[in-house]
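Have a look at the structure below before the remarks.
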């Protein structure tokens, strides 16, 4: 763009053209504001706003500032050219950089937040590596990270990587325990994407719709994706696996274990999807599922076909309501673990 070039401009110093106010007493007309100049101002400002990935909004008067702040933040990120590992240990410190075994962070959340704040993944895989021990604080993963793989969710057909892997000890998951007294062990929301492997998950707290306080082991809500394998599910006060509000959880066909009970092992609602198909599940100690082993409601979909269950459980085998679907691949009414018949109601389907 250029400075104003309409009629009645004035020199505001150094040969720069500027505006002049109208002065009726002195007989001076104001500077003519031209369409070319106003369009140039508009497009220059919108180029900054749209260049930062924002959608112009006439009701938002802070977009230019937000765009500049976003661009500054993007410039400050480290752009990965190779995979990255961040280390976490119960004996670590969140002030550490997490870049080596000797300088681990103390919490999983701090490692995720570091990725979100400081890195552009550029399609590389990042591993949050957990040392052996017990972690009493879990992970709330919010939003897609800069440069993270955002392809299809994965599952049996595609098995695409999550881009970020939360990894403990895949050979002996019990060596790495995430045990949260109140709230989920791992929850992803608002499009976040993460893979979880090699950990035992336990969670306490509320039962209901306060997702931040629910005792769920793995939860995906509002379009988030959680992939997992080689995981042990311990006691939970709400659910082991939960996908709601278009969340997606998949075992990718990998095996996992159940070592403690919960009201539900798996639950999907409000267009949430859970895919456990093809997984071999080892169940230890006859855990109880007080509502049902598998449940779906309000358009939720649970796929549990072609699974192998080793060990038994108590409680209803399934509960499907409000147009939810549980797809067992024709496994029959006694296919899922439990010692009580399942039920369907209000348009729910068990297939």
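Numbering (our numbering), first residue to last: 723 to 1073.
Note that the Cβ used here is the ideal one computed from N, Cα and C, for glycine as well.
On a predicted model such as this, the values are computed, not experimentally measured, just so you know.
Query, Result
"Range of the contiguous beta strand (DSSP E) that encloses residue 747", "Here residue 747 belongs to no beta strand (DSSP E), and DSSP marks it neither H nor E."
"Secondary structure, beta strand (DSSP E): runs of 3+ residues fully inside the region 765–819", "806–810"
"C-beta atoms of residue 851 and residue 893 nearer than 8 Å", "no"
"Same chain, Cβ closer than 7 Å to residue 876, five either side skipped, listed in chain order", "The pLDDT assigned to residue 876 is 49, lower than 50, so where the model puts this residue is not dependable; a value taken from the coordinates is nonetheless given after this. Hits under 7 Å: 882, 949, 972, 974."
"Neighbourhood of residue 766 by C-beta, 6 Å cutoff - its chain only, sequence neighbours within 5 removed", "723"
"CB contact flag (residue 946, residue 913, <8 Å)", "yes"
"Alpha carbon of residue 739 to alpha carbon of residue 791, nearest angstrom", "30 Å"
"Continuous alpha helix (DSSP H) stretch holding residue 870: start and end", "Looking at the DSSP string, residue 870 is not in any alpha helix (DSSP H), and its letter there is neither H nor E."
"Straight-line gap, residue 879 to residue 761 (C-alpha atoms, nearest Å)", "Note that residue 879 scores 42 on pLDDT, short of 50, meaning its location in the model is unreliable; the coordinates nonetheless yield the value given after this. In a straight line, the C-alpha of residue 879 is about 50 Å away from that of residue 761."
"Local Cβ density within 10 Å of residue 727, reported as buried at 16 or more and exposed below that", "exposed"
"Sub-8 Å separation of residue 885 and residue 847 beta-carbons", "yes"
"Residues sharing a beta bridge with residue 733, DSSP", "739"
"Backbone secondary structure at residue 898 - three-state DSSP", "strand"
"One or two residues paired with residue 840 in a DSSP bridge", "According to DSSP, which records beta bridges pairwise, residue 840 is partnered with nothing at all."
"Endpoints, beta strand (DSSP E) assigned at residue 961", "961–966"
"Bridge partner(s) assigned by DSSP for residue 855", "898"
"Identity of the residue in 1017, 844, 1052 nearest residue 1038 by Cα", "1017"
"For residue 1010, three-class secondary structure by DSSP", "strand"
"Which of helix, strand or coil DSSP assigns to residue 941", "strand"
"Sequence-distant residues of the same chain with beta carbon closer than 8 Å to residue 844, five excluded per side", "801, 802, 803, 869"
"C-beta contact flag for residue 887 and residue 900 at 8 Å", "no"
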